[in-house]
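Report on the structure given below.
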């Protein structure tokens, strides 16, 4: 079985409280969200549930994503807006995190923190032509090659069990840190080093020229374990008269993945349509030429 190491690093620095929704191990921030906590008994314990989702891209707009997710229809105006922003190399991704954090005051200036969270991460790097072909079709590329690579798509999720402490060093400085045990869930990666799509001017055939690598975990269900790892966490809050400075390192560590299925391919594939014959006799045989393992090693 091939094994892959995944390094997860999230380092965030913010200056405005409205941007601090991702922090989960900071008692000070909980007090800012709910001032009543600051007036509670100093020996009280707190159970906090949090859910946050972050989506970003250097090309795809929020309006386009909302239309894709909620309306199910993308008009040309939305497509044009994204097309105007596209570069030769474009990036996008999201981070989803949810779970529980338990905090207990050991002393007036020291807190014990225990957390259990589920996290998903997705990122991609794609060329301009891939977006255009996907959302506008290949007709504009008749007689030309559309660049479908380099393309990188990565997705993985994991659960972490966190144990740490947080100390109020002074009235203006809060420092915390701890260790997370990580359990890898699903892992999928597609890397296309070379990829072109040629459309015959008369629409007679399509030529795919591709060199790719594919790896994925064979998870039977959500609770399947496909890796193990560990990570470090650190957070610092510096309070000032006009605001606060916050610095966080979250899940800086390694997951060792196993039980991965891998495929790779390098070659040219021509698709010239399917002769379905009698539509009532349509069968799996028409797909025999386009099985993944016919070009995979």
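Numbering (this note's numbering), first residue to last: 1368 to 1664. Backbone N, C-alpha and C fix where the C-beta goes; we use that ideal spot for every residue, glycine too.
Consult DSSP for residue 1447 and reduce its assignment to one of helix, strand or coil.
Residue 1447: helix per DSSP, three-state reduction.
Cutting at 8 Å between CB atoms, please list the residues of its own chain near residue 1607, excluding the five before and the five after it.
Taking residue 1607 as the centre and dropping the five residues before and after it, the same chain places the C-beta of 1539 closer than 8 Å to its C-beta, in chain order.
Identify whether residue 1501 lies in helix, strand or coil by the three-state DSSP scheme.
Helix.
In three-state terms, what does DSSP make of residue 1590?
Coil at residue 1590, not helix or strand.
Along the chain, where does the alpha helix (DSSP H) that runs through residue 1432 open and close?
Counting along the chain, the alpha helix (DSSP H) containing residue 1432 begins and ends at 1429 to 1433.
Does residue 1438 come out as helix, strand or coil in the three-state DSSP assignment?
Residue 1438 falls in the helix class under three-state DSSP.
In three-state DSSP terms, what is residue 1633?
In the structure shown, residue 1633 falls within a strand segment according to DSSP collapsed to helix, strand and coil.
Pull the bridge partners of residue 1577 from the DSSP assignment, please.
When DSSP reads this structure, residue 1577 sits in a beta bridge with 1562 and 1634.
With H, G and I counted as helix, E and B as strand and the rest as coil, what does DSSP make of residue 1529?
DSSP places residue 1529 in strand when its eight states are reduced to three.
Could you tell me if residue 1613 is buried or exposed, where buried requires 16 or more neighbouring beta carbons within 10 angstroms of its beta carbon?
With 16 or more Cβ atoms within 10 Å of its Cβ, residue 1613 is classed as buried.
Residue 1544 and residue 1602 - do their beta-carbons sit closer together than 9 Å?
The Cβ-Cβ distance between residue 1602 and residue 1544 falls below 9 Å.
Count the CB pairs spanning the region 1443 to 1459 and the region 1409 to 1420 that are closer than 8 Å, and state whether there are at least three.
Contact between the region 1443 to 1459 and the region 1409 to 1420 is absent, because fewer than three Cβ pairs lie under 8 Å.
Could you pull the start and end residues of the beta strand (DSSP E) that residue 1666 belongs to?
Outside the displayed range of the chain (1368 to 1664) lies residue 1666, so it cannot be described from this structure.
For residue 1471, which residues in the same chain have their Cβ closer than 7 Å to its Cβ, ignoring the five residues on either side in sequence?
Result list for residue 1471: 1412, 1478 and 1479, in chain order.
Closer than 8 Å is the cut-off here; do at least three beta carbon pairs connect the region 1543 to 1557 with the region 1516 to 1525?
Touching, yes.
Roughly how many whole angstroms lie between the Cα atoms of residue 1558 and residue 1531?
Per the coordinates, the alpha-carbon of residue 1558 lies some 37 Å from the alpha-carbon of residue 1531.
Whole angstroms is fine: what's the gap from residue 1561's alpha carbon to residue 1519's?
If I take the Cα positions, the gap works out to 11 Å.
Can you grab the Cα-Cα spacing for the pair residue 1629 / residue 1444, in whole Å?
Residue 1629 and residue 1444 have their C-alpha atoms spaced approximately 40 Å apart.
With the cut-off set at 9 Å, would you say residue 1466 and residue 1485 are in Cβ contact?
Yes, Cβ-Cβ distance for residue 1466 and residue 1485 is below 9 Å.
Contact defined as beta carbons within less than 8 Å: I believe residue 1508 pairs with residue 1563. What is the distance between those atoms, to the nearest angstrom?
Contact between residue 1508 and residue 1563 is absent: CB atoms are separated by about 10 Å, not below the 8 Å threshold.
Do the CB positions of residue 1577 and residue 1510 come within less than 9 Å of each other?
The criterion of a C-beta distance shorter than 9 Å is not satisfied by residue 1577 and residue 1510.
Out of 1430, 1461 and 1458, point me to the one whose CA is closest to residue 1447's CA.
Nearest option by C-alpha distance: 1430.
From residue 1437 to residue 1537, what does the alpha carbon distance come to, in whole angstroms?
Rounded to whole angstroms, residue 1437 to residue 1537 spans 47 Å at the Cα level.
Please classify residue 1618: is it buried, with 16 or more other beta-carbons within 10 angstroms of its beta-carbon, or exposed?
In summary, residue 1618 is buried, with 16 or more beta-carbon neighbours lying within 10 Å of its beta-carbon over all protein chains present.
So within the region 1451 to 1479, which uninterrupted beta strand (DSSP E) runs reach at least 3 residues, ignoring any that extend past its ends?
The DSSP assignment places complete beta strand (DSSP E) segments of no fewer than 3 residues inside the region 1451 to 1479 at 1457 to 1474, in order along the chain.
Which class does residue 1724 belong to by DSSP, given the choice of helix, strand or coil?
With the chain covering only 1368 through 1664, there is no way to say anything about residue 1724.
Count the other C-beta atoms from every protein chain shown that fall within 10 angstroms of the C-beta of residue 1464, then say buried if there are 16 or more, exposed otherwise.
By the 10 Å Cβ count, residue 1464 comes out buried.
Restricting to Cα atoms, I'd like to know which of 1615, 1498, 1599 and 1632 is closest to residue 1622.
Among 1615, 1498, 1599 and 1632, the Cα nearest to that of residue 1622 is on 1599.
Go ahead and pull the three-state DSSP assignment for residue 1517.
Residue state, collapsed to three classes: coil.
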